[in-house]
Each structure stands twice: as structure tokens, then as C-alpha cells.
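Enquirer: Here it is, the structure, as C-alpha cells.
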Amino acid sequence: MTIVETQNLVKRYGDLVALDHLSLEVKEGEIFGLLGPNGSGKSTSLNCILSLLSFDKGEVKIFGKTMKPDAYSIKRNIGIVMQNVAVFDELTVYENIDYFCSLYVPDKKQRKQLVDEAIDFVELGEFRKFYPKKLSGGLLRRLNIACGIAHQPKLIILDEPTVAVDPQSRNKILEGIKQLHKQGATIIYTSHYMEEVEQICTQIVIIDKGRVIASGTKEELKAMISMGEKITVETFSISSDQMTALRRLPGVITAEYADERLVIKSEKETNNLAAVLDFFKNESITFGRIYSELPTLNDVFLEITGKQLRD
Amino acid sequence: MPIFKLCLKIFRKNWSSIGVFLVIFVSLSCIFAFSYSQSSLSKGFTQERAKVALISKEKTPLTEGFRMALAKNADFVTLPDQTEKMQDALFFRKVTYILVIPKGFTKDALNDGTMKMEKRVVPGSAENAYIDSIVRQYWHLATVYAAHEPNLSETQIADHVKRDLSTSTPVVMHDQHAASADSNFITGYFNFVAYGLTIVMIVGIAAVFIVLNRQDINRRIICSPIHSISVNLQIFLAIIIFALFCWTGFSGLGIFLNLKNQITAPIGYYLLNSVVFTLCLSSISYLIGNLVSNRQALSAIANVIGLGSAFLSGAFVPQELMNQTVLKIASFTPTYWYVTANNRIAGLGAGNWAETKSILNDMAIVLAFAVAFLILSLVIGKRRRMYA
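Set out below in C-alpha cells:
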């Protein structure tokens, strides 16, 4: 069952086309990752999906119904977690979650149970009487998530929920999202951190300049590109002759040296790690770490657009 | 009604910042009330008693009668008939009036009206005027009786004069502004309220809008299944409750401080005027809440608007004493019209429709300000949401 569907969504800001015939389809039970660099149109597309922003052309359907600003029956089943922390400084952790939950659940008894569950879910039990100003950045992000999911919506939209969060809190947030998915929620997750998207998303769409440039599972996306292996060697110096020799190794697409780091990209089904090690040994080049990686979504993005995801 | 409850919670949380203004306002109001209660003591008239030394060198029925007549308004001090002692007594203010009646004075006065009394006074002493008046009155009456009733003995003349001086005419003053002191206090208080109410309303209401207008919080509310009309109604209801609470508090304080005075001024008009002004302040606060996003700046803005408009409009200084140009500038603020209406209410005669109409006109202008600010706020609010 399709939960969210956008068809040919166009949004213009004067001459700037923020969304250029964007079509997305989010199926039930997916963790749908919307990946793109800053300014690619991720937040704009979410705002259009949520009817927070009017669009020039196209259609948005959620749960099979057309989404409009007054589609309150649809809104009832959506939970949103904004990019910035959107909580009240005047209310405690418990009061904040209770307030946002009360926008969806009028029954006090039922709400109390839901709020308690949300607090347990984000592990803020010991901070329930704390005011947001007393919380660290990571805890605030968790509170922000709790406020968005306390009413247990069928569709959860998370707009870069891990921005400026420490690694420990980030892992907790990502684990939480996986748990929500296990509980049956469909999740739309936007980020410009490819590692996160790779880690949790079951379906990924990469967008740039308001257009979909690639979509599929992470495996499908990686299969789209010619690169199969990336070898990185930390070394102090390497001559241009040695670089030329490395580029002649079988299946090597590119070999680049910058910032005391040599990166060799090879074609699919090519394994050059042993050959590179032999080369360094024969040439008596000293090196620090050497490691081989499979292509990342950044490599996918780089190969398709010619630029880095974090540019 | 989650948004309504939230607004009330934010109002409650803001009481600490509002409390500072309230303490200042209540303190100033108490000082204000105390100063009025002190000044109201001088409403009546009490004649001062002079310290008089009466040295009479003869003892006749008329001089004795004169002594008794003088005793009503004088405290007698005994002095020897020595010039130096008399001068000392005047210098050290033991007495302010010394009257020496020479021997044969009564006879001379009754025969040819000659009054050769010796008088020494402290210069510029107000109470001496009363003594002069009694002296003139008593002996003038005595000479009149002696001239027109030559058969009367001195004792009879003294009795007649005593009887005449004992009569008095009750005087009742009927003034349409009889309770002006009371109405002055209540007018002054309600004018002064313009300052306190403006600051409290702006700090209270605008703070709620600053919170609710935060982009991401606003988006969360828009994304919720609560109808936008319901959201607006809940906010509106919370503002009304807050405004009503503030109005009741400020008006109640005024009435309480004025309790010991008679409320003869048309208090209903003052209350109606302040209700209209409170509505206007709600609109202004809504506008400021839509314009200002920094909470720290809010107190400063509230102070500038509250104090500035109160000063310009004559809430602290009577409008009669203010420069016309300043008042013209002030007429672009609702506070000016509110204060003007209060001043008109203070001078309101019984059932004068022309005066009442002027008051209602002033209130209508304040109401027009309220509508204008509300429209402006709604337009700005809509633009903010569009560009959010």
C-alpha cells in the first residue's frame, strides 16, 4: 500500500526551481530516505507533502487521499520531527510531550499512557521534570522526537533529526527510528549524512536541485555505478611516476593523491588490495594505514552528479 | 483546548517578569492614594486661634464682654504692662497680638466713637486678621447701640452685643463638583492605569505570540489535526481571559484604594473606558507579538510604549499643563483618547448628553485604534506565515 505519493511536484521561488517535477512513492512499512546535499530540496519537498508550503504544480496523496491544509483526518496519523528543536522552553519535558500529544489525543488517560511510553522510548525518564534549557543538545533532539511521535502515528516524517548531535545520541536516535519501524510505522527520513541513510533506510531516493537523480535500495543504488572498490592509503609522499604506475593496475578507474592520502578506485569485481600492497613493498614506500571500502552513497552521488554530497 | 491551556501556562510562567511591573505600579498607586487621602483633610475650614495678651486698664461690662467675645478665637496670655516685656513676648512668639485698653476707653468709645486702643502685633501673622475683625465688630456694634439707644446702660449694651455676636447663619455650599477630590483620585488613578496596564498587557500577551510564532512550533501546530479556526479561537479566548484578569486587577485596585472616599464620580464610565482601552491594548500586544521575536527586547519595547504614551498623553501630568504640540502628537496614540475620556468623565455633570457623547466619542476612537491594530496584526501574521 502506498502511504505517500507525490506526482510531478513543482515549486518555484521566483526564477529558482526548488522542486522540479518531483515524484516520490513511499510504501507502507518503509524507512524512506530522502538524501541530498544542502539546498537540494529535501525540506521543501517535505513542506509540500505536509501542506506547509503551497506548490505550483503536481499532487500529493497521503494514505490514498489528497493532502490539503485542511485535511485534518490525514494529519491525525502523521507525526513530524522538525529539523530544528521545536519545544517550549516554558514547559518541562513531560509537559512538552503531553502538550504536543494533546493536539492529537484529547483523552487525558490515554494520553498519559502514550506520553509515558514516549518518554521511555527516548529514554528521558529521569529528565521528565527538567526544562529544555537544562538539557544537552542530544537530549533536546530526543525530546524533539518524543514530541513528534508520542501519539503513535502511522507515518513519521523526520527532517534531519540528527543535525548537531553527538555520536552517542545519534546512535540512540537511529536505533529509535529502527524500533519505530519495527512497531509498524512508515518513516520518511531526510538527511545529508549518507552513513545514516545507508544504516537505516530500506528505500532511498537521492535528489539534487529538486529532481530525483537516483532511487532504490542501497544495494540497487551502488549497483548503478561503475566503481566496485575504493582503497585508501595514508602515506607521506609518492612520486608522479609511481602514481602513473598505480593507475596502470588492472581495473583502476582513478588514483588520486591529496593531503597525504592516496585513493584508488577500481571497477566492479576487481580486487586490487593485494596488488597495491605489493606495489608499496616493491617501491619501498612507507605508509600508515591502508584499507579497502565498498562504494558509499556519496560515491553514487559523486559519479552521477560530479560533486560531493556534502559540497 | 490544548492551545488555550498552553497560553494560560505561558501567562503563568511570565508572572515573574510581569510581577516586577506590578510591584512598581501597586507601590506608586499606594503612594498616589495616600497623597490624595492626605490632601482630602483640608477640605473643611478651621479658624486659627491667636495668642493674645489683653491688658485692660479699666473694668467695665463692655470690656468684660469684649474679653469673652475675644476668648472664642484667642488663647489669652498674661503679660505685665511693660513695653520691654511686651516686645520680648512678640519677638519670641509667646503672643502674636497685644491689645492695651486705656482707662476711660469705654466712655470715649460710647460717647464719640473714639477708640484709642494700643495694638502691638507680629507682622504678617494671618491669625491677627481674625482678632482685628472681632475687635472692630464688637466695638462697632457697641457704638451703634450707644448712638441709637442712648438710654441703654453699659450692661444692657454688652448683653445686646453678646446676643448679636452669638447668632450665626448656617451656610451650605451646593457644588456640582462637591466630590472633586474623590473624582480627582479616581481619574488620576485610571489615567495612571494606562501605564501599568500597557506594560503588563504587552509583556503578557506578546510573550505568548513570540512563543507560538516560533517557526517550528507553529509548523507543528499547523501539522496537527486541530482546525485553524479552533487554534485562533483558543488563542483569542486565552487573551480575553488574560485581559479580563488584568483589567479586574487594575480596576479592583483602584476601587479598593478609593474605598474610604465616597464614590460619587460615575465609576461605570471609568470602568467602561478602561475596558475599551484594555481591548485596544490586546490588539497592540498582538501586533507587537507578531513583530517582535526576541523576548529580551519585549520588556524594553513594553516600557518604551507604556511610559512614552503615558507621558505624552497626560497620564502623569494633567493635559491642561501640557504643550499643545505634544498633545497633538499624543493624539495619534489610543492612550491620549483614553486619558481625555477619563478627564471628561471627571467633569461630567448630571445627565448631560453632550458631555456623555464626547466621552463615548473618545471611547469610539480608542475602539477604532483597536480595530486598526488588529487588522494590521492579522495582515502581518498572515505574511509571516506565508514566508515561514
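Protein sequences appear in the order of chains A and B. Remember, my numbering sits 274 above the position in the first sequence when you count from 1. Remember, my numbering sits 1096 above the position in the second sequence when you count from 1. Glycine included, every Cβ here is placed at the ideal spot set by N, Cα and C.
Cβ closer than 7 angstroms: which chain A residues qualify as neighbours of B/L1102?
Expert: Residues of chain A passing the Cβ test: Y373.
Enquirer: Please classify A/Q477: is it buried, with 16 or more other beta-carbons within 10 angstroms of its beta-carbon, or exposed?
Expert: Answer is buried; the Cβ neighbour count reaches 16.
Enquirer: Less than 8 angstroms between C-beta atoms, sequence neighbours within five positions excluded: which residues of the same chain meet that for B/L1394?
Expert: Once the five neighbours on either side are set aside, the close Cβ partners of B/L1394 are I1298, V1299, A1302, A1303, I1306, I1384, V1388.
Enquirer: Since B/T1239 and B/G1209 should fall inside the 8 angstroms C-beta cutoff, what is the C-beta to C-beta distance between them, to a whole number of angstroms?
Expert: About 5 angstroms; that satisfies the 8 angstroms criterion.
Enquirer: Can you name the residues of chain A whose CB is closer than 8 angstroms to the CB of B/C1319?
Expert: Ordered by position in chain A, the residues that pass the 8 angstroms Cβ test against B/C1319 are L324, L326, K349, I352, I354.
Enquirer: Do you know how far the Cα of A/R535 is from the Cα of A/G562?
Expert: The straight-line gap from Cα to Cα measures roughly 10 angstroms.
Enquirer: Could you check whether A/M501 and A/L571 sit closer than 8 angstroms to each other, using their CB atoms as the reference points?
Expert: No, the Cβ-Cβ distance between A/L571 and A/M501 is not below 8 angstroms.
Enquirer: Since A/G353 sits in a beta bridge, which residues does DSSP pair it with?
Expert: In the DSSP output, where bridge partners are listed per residue, A/G353 has A/I430.
Enquirer: Going by the beta-carbon positions, is the gap between B/G1402 and B/T1294 smaller than 8 angstroms?
Expert: Contact: yes.
Enquirer: Against chain A, which members of the stretch 1429-1460 of chain B pass a CB distance test of less than 7 angstroms?
Expert: Under the 7 angstroms Cβ criterion, the stretch 1429-1460 of chain B contributes no residue.
Enquirer: Using beta-carbon positions only, say whether A/V300 and A/G332 come within less than 8 angstroms of one another.
Expert: No; because the gap between Cβ atoms is not below 8 angstroms, this pair is not in contact.
Enquirer: Check whether the stretch 354-373 of chain A and the stretch 1328-1345 of chain B are in contact - that is, three or more C-beta pairs closer than 8 angstroms.
Expert: Not touching, per the Cβ criterion.
Enquirer: Consult DSSP for B/K1168 and reduce its assignment to one of helix, strand or coil.
Expert: Correct three-state label for B/K1168: coil.
Enquirer: Expressed to the nearest angstrom, what Euclidean distance is found between the alpha-carbon atoms of A/V396 and A/D390?
Expert: Each residue's Cα considered, the two are about 10 angstroms apart.
Enquirer: Pull up the CB-CB distance for B/A1149 and B/V1173, whole angstroms please, since I reckon it's below 8 angstroms.
Expert: Confirmed, about 5 angstroms.
Enquirer: Does any residue of chain A have a CB that is nearer than 8 angstroms to the CB of B/V1307?
Expert: B/V1307 counts as touching chain A.
Enquirer: Tell me, please, whether the stretch 312-326 of chain A touches the stretch 366-381 of chain A by the rule of three or more beta-carbon pairs shorter than 8 angstroms.
Expert: With a cut-off of 8 angstroms, the stretch 366-381 of chain A and the stretch 312-326 of chain A do not count as touching, because too few Cβ pairs lie within range.
Enquirer: Of the residues A/N358, A/L417, A/K456, which one's Cα is nearest the Cα of A/E304?
Expert: Taking only the C-alpha atoms, the option nearest A/E304 is A/K456.
Enquirer: Rounding to the nearest angstrom, what Cα-Cα distance links B/M1213 and B/D1228 in this structure?
Expert: C-alpha separation (whole angstroms): 12 angstroms.
Enquirer: A/I461 to A/F306, Cα distance in whole Å?
Expert: Cα to Cα, A/I461 sits roughly 6 angstroms from A/F306.
Enquirer: Ignore the nearest five residues each way along the sequence and tell me which others in A/E577's own chain have a CB closer than 6 angstroms to its CB.
Expert: These residues qualify, in order along the chain: I499.
Enquirer: What is the DSSP secondary structure of B/G1494, counted as helix, strand or coil?
Expert: Nothing about residue 1494 of chain B can be read from this structure; chain B reaches only from 1097 to 1484.
Enquirer: If we define contact as Cβ-Cβ less than 8 angstroms, is B/R1479 a contact residue for chain E?
Expert: In summary, chain E is missing from the structure at hand, where the protein chains are A and B.
Enquirer: Quick check: the Cα distance between A/V439 and A/R286, rounded to an integer number of angstroms?
Expert: Going by the C-alpha atoms only, they are around 32 angstroms apart.
Enquirer: Taking three-plus beta-carbon pairs below 8 angstroms as touching, is the stretch 1213-1227 of chain B in contact with the stretch 1185-1196 of chain B?
Expert: At 8 angstroms Cβ cutoff, the stretches touch.
Enquirer: Are A/D433 and A/V355 closer than 8 angstroms when you measure CB to CB?
Expert: Result yes, Cβ atoms of A/D433 and A/V355 sit closer than 8 angstroms.
Enquirer: Mind checking whether A/L398 and A/H425 have CB atoms under 8 angstroms apart?
Expert: No, the Cβ-Cβ distance between A/L398 and A/H425 is not below 8 angstroms.
Enquirer: Is B/Y1234 helix, strand or coil when you go by DSSP?
Expert: The answer is helix: DSSP assigns B/Y1234 an H, G or I state.
Enquirer: Can you list the beta strand (DSSP E) stretches of 3 or more residues lying completely in the stretch 375-433 of chain A, in chain order?
Expert: Those beta strand (DSSP E) runs which fall completely within the stretch 375-433 of chain A and span 3+ residues are 429-433.
Enquirer: Excluding the 5 residues flanking A/I393 on each side, which residues of the same chain have their C-beta closer than 8 angstroms to its C-beta?
Expert: Once the five neighbours on either side are set aside, the close Cβ partners of A/I393 are V367, Y368, I371, G399, R402, A420.
Enquirer: By the criterion of Cβ-Cβ separation under 7 angstroms, what are the contact partners of A/S376 in chain B?
Expert: Here the neighbours are P1098.
Enquirer: For B/K1109, would you say it is in contact with chain A, using Cβ-to-Cβ distances shorter than 8 angstroms as the test?
Expert: Answer yes: the Cβ-Cβ gap between B/K1109 and chain A drops below 8 angstroms somewhere.
Enquirer: Which two residues bound the contiguous beta strand (DSSP E) that contains A/K331?
Expert: Taken as a continuous stretch (DSSP letters only), the beta strand (DSSP E) holding A/K331 covers 331-336.
Enquirer: Between B/V1327 and the rest of its own chain, which residues show a CB-CB distance below 8 angstroms, the 5 nearest in sequence each way excluded?
Expert: Result list for B/V1327: I1099, I1317, in chain order.
Enquirer: Just checking, does the stretch 1117-1127 of chain B make contact with the stretch 525-542 of chain A on the three C-beta pairs under 8 angstroms criterion?
Expert: They do not touch, by the three-pair rule.
Enquirer: Using 8 angstroms for Cβ pairs, my map puts A/G353 next to A/G450. What's the rounded Cβ distance?
Expert: Not really, about 13 angstroms apart at Cβ, beyond 8 angstroms.
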